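As you go down the protein sequences, you meet chains A and B in turn.
Taken in order, the first sequence gives residues 3 to 342; the numbers are from the numbering used here.
Taken in order, the second sequence gives residues 3 to 342; the numbers are from the numbering used here.
Backbone N, C-alpha and C fix where the C-beta goes; we use that ideal spot for every residue, glycine too.
Quick caveat: nothing in here was measured; it's all calculated off a predicted structure.
Here's the structure we're looking at; comments come further down.
Protein chains: 2
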Amino acid sequence: MMAKKRSTMLEVARLAGVSVGTVSAIVNNSHSVRPHLRERVEEAMRVLDYHPNHIARSLKTNRSYTVGMIIPDVTNPFFTDVMRGVEDTARTGGYSVILCNSNEDPAQERTHLSTLFARRVDGILLAPTDGHAAEDRLTHRRFPIVFFDRIPTGFRGQAVVAENFEAAYAATRHLIELGHQRIAIITGKLDLRNGIDRLEGYRKAMQEAHLPIYDEYLQRGDFQLESGYDRGLRLLKLAQPPTAIFCCNNKMTLGLMRALAELQVPCPQKVSVLGFDDFDWASSFRPKLTTVAQPTFEMGKKAMELLMRNIEASEEGGEEALIALPAELRIRESTAPPSP
Amino acid sequence: MMAKKRSTMLEVARLAGVSVGTVSAIVNNSHSVRPHLRERVEEAMRVLDYHPNHIARSLKTNRSYTVGMIIPDVTNPFFTDVMRGVEDTARTGGYSVILCNSNEDPAQERTHLSTLFARRVDGILLAPTDGHAAEDRLTHRRFPIVFFDRIPTGFRGQAVVAENFEAAYAATRHLIELGHQRIAIITGKLDLRNGIDRLEGYRKAMQEAHLPIYDEYLQRGDFQLESGYDRGLRLLKLAQPPTAIFCCNNKMTLGLMRALAELQVPCPQKVSVLGFDDFDWASSFRPKLTTVAQPTFEMGKKAMELLMRNIEASEEGGEEALIALPAELRIRESTAPPSP
DNA sequence: GATTTTAACTGAAACCTTTTTGAAACGAAT
DNA sequence: ATTCGTTTCAAAAAGGTTTCAGTTAAAATC
Chain A
3 MMAKKRSTML EVARLAGVSV GTVSAIVNNS HSVRPHLRER VEEAMRVLDY HPNHIARSLK
63 TNRSYTVGMI IPDVTNPFFT DVMRGVEDTA RTGGYSVILC NSNEDPAQER THLSTLFARR
123 VDGILLAPTD GHAAEDRLTH RRFPIVFFDR IPTGFRGQAV VAENFEAAYA ATRHLIELGH
183 QRIAIITGKL DLRNGIDRLE GYRKAMQEAH LPIYDEYLQR GDFQLESGYD RGLRLLKLAQ
243 PPTAIFCCNN KMTLGLMRAL AELQVPCPQK VSVLGFDDFD WASSFRPKLT TVAQPTFEMG
303 KKAMELLMRN IEASEEGGEE ALIALPAELR IRESTAPPSP
Chain B
3 MMAKKRSTML EVARLAGVSV GTVSAIVNNS HSVRPHLRER VEEAMRVLDY HPNHIARSLK
63 TNRSYTVGMI IPDVTNPFFT DVMRGVEDTA RTGGYSVILC NSNEDPAQER THLSTLFARR
123 VDGILLAPTD GHAAEDRLTH RRFPIVFFDR IPTGFRGQAV VAENFEAAYA ATRHLIELGH
183 QRIAIITGKL DLRNGIDRLE GYRKAMQEAH LPIYDEYLQR GDFQLESGYD RGLRLLKLAQ
243 PPTAIFCCNN KMTLGLMRAL AELQVPCPQK VSVLGFDDFD WASSFRPKLT TVAQPTFEMG
303 KKAMELLMRN IEASEEGGEE ALIALPAELR IRESTAPPSP
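Given below as structure tokens:
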């Protein structure tokens, strides 16, 4: 059940009585050809059901018009939303995208990286799983690569992220303004800039308000559901539990909510919850979740645009670029003033 | 910032003092070569940081080791779960997968289909957006294609789906056994077999129990969140609303829950909800959702395996194959006996 | 009308592999 | 010594496109 043999440019050329060069010119309209010839060729293409062979073209031009996108978790709506933005702008630019799922596993990330490399993708979009420069090999080669959402600490290169610091600051401010004093945080991975920045935003808001940050209120998670559940349980079982929890990504928030439900802690009456990452279903929850919404689609769009510019620019002028997109606080029902 | 020029097989051959044929033999170990030569060549590959050019290989072998996967909605966890299964088995088979999102839009589906075709993917995995045979062109060419989850009515070919009929039957039975009599259904698209089969499973269970199916209780949705919300509202506002609702996919269930919340209808006290498709977060909901869980990962795995067999089999023996996977009813808190 | 310019087209090389064919070398069997 | 097989390797063709140096024909210039 192999694909039927497809017709080639040469066959089209023969049928139309022209040279392959002319057919190529028409396909890519790289230079002008007289109308009657163009017609004959187009007719021939129709008759033979000709479709240009991208593979051969790629071999010749050294451009595959394919990019790779590596994300840590396909099942996380944040990343798939970004993916939508990427795909949309990729398509309008004539690119296809190979999506790879690293499952938050550095080893899988590395193998994906190298198969993408062997496949001669023109560039790569990467949300790394850890702070180690798994991308060293690529960046050393001056290979077009742009990071998104997550960037390793000390990274220099091209990336598009959210204004994590500002967003976390605003989120914490909101909790403070509601009157909370015992505010806990469940952080993400702290070898990634987004994890750190969110923590720092929280810290700044707390310090500004002269609120103490207890060690036990600073729980380190890893962006996975389980860690949200586990750290949540830990917080709620404290002798002096917090009255508000700021949770640094969507999956962990889910875990946290599960912990709340299990312990029958009413939200927001007993403890307010504010989660990073908005998602379709946040508003279907009971209570409706207060979240900070990242501009996911926009992030994907910007990242892909940057990557395409990158690929197109044959210069080795690897200009650095760090685009930061503003995030938005969406106040719903999971945050309220603390009970007296 | 183009990629640095990469070394070729010829360069490796020269450095090692052998012919390219020998290098090729070593790379693919297609035939034996004496140990000392092999060593020299491998050393040369290391020195030059040689990576075989998949593009050139594809051109020659007429195999891209890439498949396309078209899904109607990347943001639907059902499909991304399937994707995980696909990617996993693809990788072990040496394949990469280009993921395309049709956004439930037949036009986008068609354009994706044709760009995948132009890119010379070896095969395609498709969950179509409608019953029209958009894939006609492909199937006519005897192009390796396997459908999953959704298949057009009257389809003959290769596909892997869930046992939709049986699952819907079991789900409805569960509601009946709880004592419900006024059971409504929000169906999916009815030009797709999965939509139909779920409806038929419901119908059979109802008829067997000699329960009437009122026209107003049979609400046709389209697998999107909004339709679940809208049809849910309609059902709840009926003079004689149902005491249980069977909802035919996850997104619509979300919409339905939103409608319930908006109208302040307590679930399951006033109306029980049973949703098709389980997902990570179904159990984080309040109430925890009773769902029928499809074997998503398994479905992706089976589909990819079938596709690979298909591609490998150069025979044109287009054997039909319809693999149906059992689904599992997960009883949680959103279903209960009707209030008296 | 002779010459130059321009436009339209041809033909072949090149991209990097895989694959096929055939040659060389060698040992074993006749 | 000759034949036959095997193993190992080199050389070249093939795969479908793009690109570039040329060629031809027509148009423009004087």
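Is the CB of Glu89 of chain B under 7 Å away from at least one CB in chain A? yes
Who are the neighbours of Arg122 of chain B on chain A, taking C-beta pairs under 7 Å? Asn55, His56 and Ile57
Which residues share a DSSP beta bridge with Glu330 of chain A? A:Ala295
May I ask you to list the residues that DSSP assigns as paired with Ser274 of chain A? A:Ala246
Please name the residues in the region 258–274 of chain A whose beta-carbon is closer than 9 Å to at least one beta-carbon of chain B, in chain order. Met259, Arg260 and Ala263
Can you determine whether any heavy atom of the ligand HEM sits closer than 6 Å to the C-beta of Pro340 of chain A, and answer yes or no? The ligand HEM is not part of this structure, which contains no ligands at all.
Ser116 of chain B: first and last residue of the uninterrupted alpha helix (DSSP H) it sits in: Pro108 to Ala120
For Asp151 of chain A and Ala172 of chain A, believed in contact at Cβ under 8 Å, the rounded distance: At roughly 18 Å, the Cβ-Cβ gap does not stay under 8 Å, so Ala172 of chain A and Asp151 of chain A are not in contact.
Checking 7 Å against the spacing of the C-beta atoms, do Ala261 of chain B and Leu235 of chain B come in under that value? yes
Chain-ordered neighbours of Phe119 of chain B on chain A, where CB pairs are closer than 8 Å: In chain order: His53.
So, is the C-beta of Ser9 of chain A closer than 7 Å to a C-beta in chain B? no
Give the interface partners of Asp83 of chain B over in chain A, defined as CB-CB distance under 7 Å, in chain order. Here the neighbours are Thr77.
Reference Ile100 of chain A, options A:Ile325, A:Ala329 and A:Met306, closest by Cα: A:Met306
By the three-class DSSP mapping on this structure, what secondary structure does Pro154 of chain B have? strand
Roughly how many angstroms separate the alpha carbons of Glu322 of chain B and Ile153 of chain B, rounded to a whole number? 13 Å
Coarse secondary structure for Leu17 of chain A, derived from DSSP in three states: helix
Under the rule that 16 or more other beta-carbon atoms within 10 Å means buried, what is Leu240 of chain A, buried or exposed? exposed
Please state the DSSP three-state secondary structure of Ser104 of chain B. coil
Given this structure, state the Cα-to-Cα distance separating Arg42 of chain B from Gly23 of chain B, to the nearest angstrom. If you take the alpha carbons of Arg42 of chain B and Gly23 of chain B, they lie about 14 Å apart.
In or out: Met3 of chain A buried (at least 16 other Cβ within 10 Å) or exposed? For Met3 of chain A, the predicted structure reports a pLDDT of 44, less than 50, and the residue's modelled location is therefore unreliable. The matter cannot be settled from this model.
Does the Cβ-Cβ distance between Val294 of chain A and Phe278 of chain A come in under 7 Å? yes
C-beta contact flag for Ala246 of chain B and Leu327 of chain B at 7 Å: no
Could you pull out every residue in the same chain whose Cβ sits closer than 6 Å to the Cβ of Pro340 of chain B, ignoring the five residues on either side in sequence? If we look at Pro340 of chain B and ignore the five residues flanking it on each side, its Cβ neighbours are Gly181, His182 and Thr245.
Residues in its own chain within less than 7 Å of Asn196 of chain B by CB, not counting five upstream and five downstream? The beta carbon of Asn196 of chain B sits closer than 7 Å to the beta carbons of Asp151, Arg152, Val163, Asn166 and Gly190 from its chain, once the five residues preceding and following it are set aside; these are given in chain order.
Going by Cα to Cα distance, which pick from B:Arg16, B:Met47 and B:Ala315 is closest to Phe145 of chain B? Measuring from the Cα of Phe145 of chain B, the nearest candidate turns out to be B:Ala315.
Using a cut-off of 8 Å between C-beta atoms, extract the partners of Asp282 of chain B located in chain A. Simply Thr77, Leu227 and Leu256.
Residue(s) in a DSSP beta bridge with Ser98 of chain A: Paired residue(s): A:Thr68.
Please list, in chain order, all residues of the same chain as Arg122 of chain A whose beta carbon is under 6 Å from its beta carbon, the five residues on each side excluded. Ser66
Rounded Cβ spacing between Leu258 of chain B and Tyr231 of chain B (contact assumed at less than 8 Å): 7 Å
What's the gap between the Cα of Thr298 of chain A and the Cα of Thr113 of chain B? Taking the straight line joining both Cα atoms gives about 24 Å.
Quick one: complete beta strand (DSSP E) runs, 3+ long, within the region 159–185 of chain B? 160–164
Residues near Gly156 of chain A by beta carbon distance below 8 Å, same chain, minus five either side: none
Less than 7 Å separating the beta-carbons of Arg233 of chain A and Gln221 of chain A? yes
Under 8 Å Cβ to Cβ from Gly133 of chain B, same chain only, skipping five residues before and after it: list those, please. Residues Pro154, Thr155, Lys191, Asp193 and Leu194 of the same chain have their beta carbon placed closer than 8 Å to that of Gly133 of chain B, with the five preceding and five following residues left out of the count.
From this set, A:Arg334, A:Gly159 and A:Arg48, which residue's C-alpha is nearest Asn312 of chain A's C-alpha? A:Gly159
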